[in-house]
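Take a look at the structure set out below.
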Amino acid sequence: QVQLVESGGGLVQPGGSLRLSCAASGSIFNIAVMGWYRQAPGKQRELVATITSASGTNYADSVKGRFTISRDTAKNTVYLQMNSLKPEDTAVYYCTSGPLSRPRAYWGQGTQVTVSS
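Numbering of the sequence shown is given in the numbering used here, commencing with residue 9 and proceeding in unit increments.
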């Protein structure tokens with residue numbers, strides 16, 4: 009089992025920045041992919057970004073150029089730097105991890121990000 013704990017959410021004005029963190033513990037040897045998903049009210053959960061153990065990254069088109077995912081292997085932590093935030097980025101952001109065969113095997117509890125003036 010892998011436990012994921014997110015932090016860093018909050019309220020920010022449009023155009024502002026936030027950095028989310030997700031610390032993994034437990035059977036971390038099983039982690040090949042870590043990522044972020046989000047779910048806005050009334051909408052389906054969607055991919056934000058993923059990163060592999062080889063530092064390969066993938067981003068949703070809606071966040072390319074604004075968000076950056078990174079990984080500190082020594083700390084078993086993944087980060088999501090979010091810049092130029094828009095109201096439509098408002099959502100609960102979830103951290104995920106897993107092996108290549110099941111990259112979303114584990115989920116964190118979520119952290120709320122609200123972009124509003």
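Every residue, glycine too, gets a C-beta built ideally from N, C-alpha and C.
Treat the numbers as computed from the prediction; the structure is a model and nothing was measured.
Keeping to the same chain, check which residues put their C-beta closer than 6 angstroms to that of residue i; ignore five residues upstream and five downstream.
i, result
"Gly-118", "Val-100 and Tyr-102"
"Asn-84", "Ala-32 and Ile-36"
Pull the bridge partners of residue i from the DSSP assignment, please.
i, result
"Phe-75", "Met-90"
"Gly-34", "Val-10"
"Ala-99", "Val-121"
If the criterion is Cβ atoms closer than 7 angstroms, does the pair residue i and residue j meet it?
i, j, result
"Val-20", "Val-86", "no"
"Ala-57", "Ile-77", "yes"
"Thr-104", "Arg-110", "no"
"Thr-60", "Val-41", "yes"
"Ser-25", "Asn-91", "yes"
"Val-121", "Gly-23", "no"
Could you tell me if residue i is buried or exposed, where buried requires 16 or more neighbouring beta carbons within 10 angstroms of its beta carbon?
i, result
"Ala-62", "exposed"
"Asp-80", "exposed"
"Glu-96", "exposed"
"Gly-73", "exposed"
Leaving out five residues on either side along the sequence, give the residues of the same chain with a beta carbon under 7 angstroms from the beta carbon of residue i.
i, result
"Gly-34", "Gln-9, Val-10 and Gln-11"
"Tyr-45", "Arg-53, Glu-54, Leu-55, Val-56, Tyr-102 and Thr-104"
"Ala-48", "Thr-98 and Ala-99"
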